[in-house]
Amino acid sequence: MGLRYWLMKSEPTTFSIDDLCNAPRQTTCWEGVRNYQARNYMRDMAIGDLVLFYHSNADPPAIVGIAEVVKTAYPDPTQFDKKNKYYDPASHPSNPRWEMVDIKFVRKLSRPLSLPELRKERTLKNMLLLQKGSRLSVQPVSREEWEHILSLEQSARPSTSKKRQ
DNA sequence: GCCAACGTTGGC
DNA sequence: GCCAACGTTGGC
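Each residue of the first sequence is one higher than the one before, counting from 553 in my numbering.
Here it is, written out as C-alpha cells:
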C-alpha cells in the first residue's frame with residue numbers, strides 16, 4: 553500500500569502546530585481520541601503517511617502544517633488513568649478500546665489555509681472536513697485533495713491579492 | 001456564548 | 001432494537 557494522507561484536528565489552545573514543533577524530538581502521541589471512526593482511521597495509518605495539521609476552534613479554523621506518522625497504532629494509556637480526563641472506565645487493559653499513533657512535525661505551511669478559503673475550492677467540495685456537520689477529528693484525505701491543498705499554499709492570500717502593486 | 005449536528009447511553 | 005435524553009464538537 554502506498555503513502556496515504558490524513559487530516560488531524562487539534563485545538564491550538566490545547567496543542568498547536570508550534571507545540572508540536574517545540575516538542576521533544578518534534579514528536580507527540582495523539583492521545584485522547586474517543587471516537588470509533590477516528591480510532592479506526594488511526595489503525596489504518598502507516599509509518600510515513602502524511603498528515604495535515606488542522607487548528608479547530610480557532611479564529612479562523614485552518615490547516616496550518618504538515619506532520620508524518622512515525623509510530624503506528626498502540627493503546628492509549630490515558631484510557632486507564634483514573635485521574636486523566638480521557639479515562640474510560642469501560643475499557644479494560646486486556647482489551648484496550650482506544651489507540652493512538654505518534655506523529656512528527658514536518659513543517660508549517662507558509663501561510664494558514666483557512667476554512668473559508670478551503671470552502672471556495674470546487675476541487676475540495678467533497679472533502680470530509682467541509683461536509684455539513686462533520687466532526688471527525690481524524691480523517692482521510694485523498695491524493696487529489698492533498699495536492700490541491702498544497703497548491704493553494706503557493707498562491708497569494710485571496711484577501712491581499714487585490715492590493716498588488 | 002449559541003446551537004446544529006452528531007455519537008453514545010440506557011430505559012423499556 | 002428503538003429512541004429519548006444527554007454530552008460533545010466545533011463553526012459562527
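Every residue, glycine too, gets a C-beta built ideally from N, C-alpha and C.
Is it the case that the segment 601-615 contacts the segment 691-703, given that we only count it when at least three CB pairs across the two stretches are under 8 Å? Counting C-beta pairs with one atom in each stretch, the segment 691-703 and the segment 601-615 have three or more that are closer than 8 Å, which means they touch.
Practice prompt. Check whether the Cβ atoms of Lys-561 and Tyr-606 sit closer than 8 Å, and answer yes or no.
Written response: With contacts defined by Cβ atoms closer than 8 Å, Lys-561 and Tyr-606 form a contacting pair.
Relative to the ligand GDP, is the shortest distance from any of its heavy atoms to the C-beta of Phe-605 smaller than 7 Å? The ligand GDP is not part of this structure, which contains no ligands at all.
Check: Going by DSSP, which residues form a beta bridge with Glu-521?
Finding: With the chain represented from 553 up to 717, any question about residue 521 goes unanswered, as that position is not in the structure.
Problem set entry | Asn-718 versus Met-652, Gly-554, Pro-645, residue with shortest Cα-Cα distance | With the chain represented from 553 up to 717, any question about residue 718 goes unanswered, as that position is not in the structure.
**Asked** Is it buried or exposed for Ser-689, if we count other Cβ within 10 angstroms and need 16 for buried?
**Response** For Ser-689, the number of other beta carbons within 10 angstroms of its own is at least 16, and it is reported as buried.
Any idea what DSSP makes of Tyr-557, helix, strand or coil? Tyr-557: strand per DSSP, three-state reduction.
*The alpha helix (DSSP H) enclosing Tyr-588, as first and last residue numbers*: Counted as a single uninterrupted DSSP element, the alpha helix (DSSP H) harbouring Tyr-588 occupies residues 588-596.
Exposed unless 16 or more other CB atoms sit within 10 angstroms - verdict on Asp-611: By the 10 Å Cβ count, Asp-611 comes out exposed.
Task: Whole-Å CB distance - Ala-619 paired with Phe-657, under 8 Å assumed - done: About 6 Å; that satisfies the 8 Å criterion.
Which of helix, strand or coil does DSSP assign to Ile-599? Per DSSP, reduced to three states, the secondary structure at Ile-599 is coil, with no helix or strand assignment.
Item checked: Thr-675, DSSP secondary structure in three states -> Thr-675 falls in the helix class under three-state DSSP.
Open item on the list: So, with DSSP's three-state summary, where would you put Phe-567?
Closed with: Correct three-state label for Phe-567: coil.
Integer Cβ distance of Val-616 from Ile-655, believed to fall under 8 Å:
That pair is no contact at about 14 Å.
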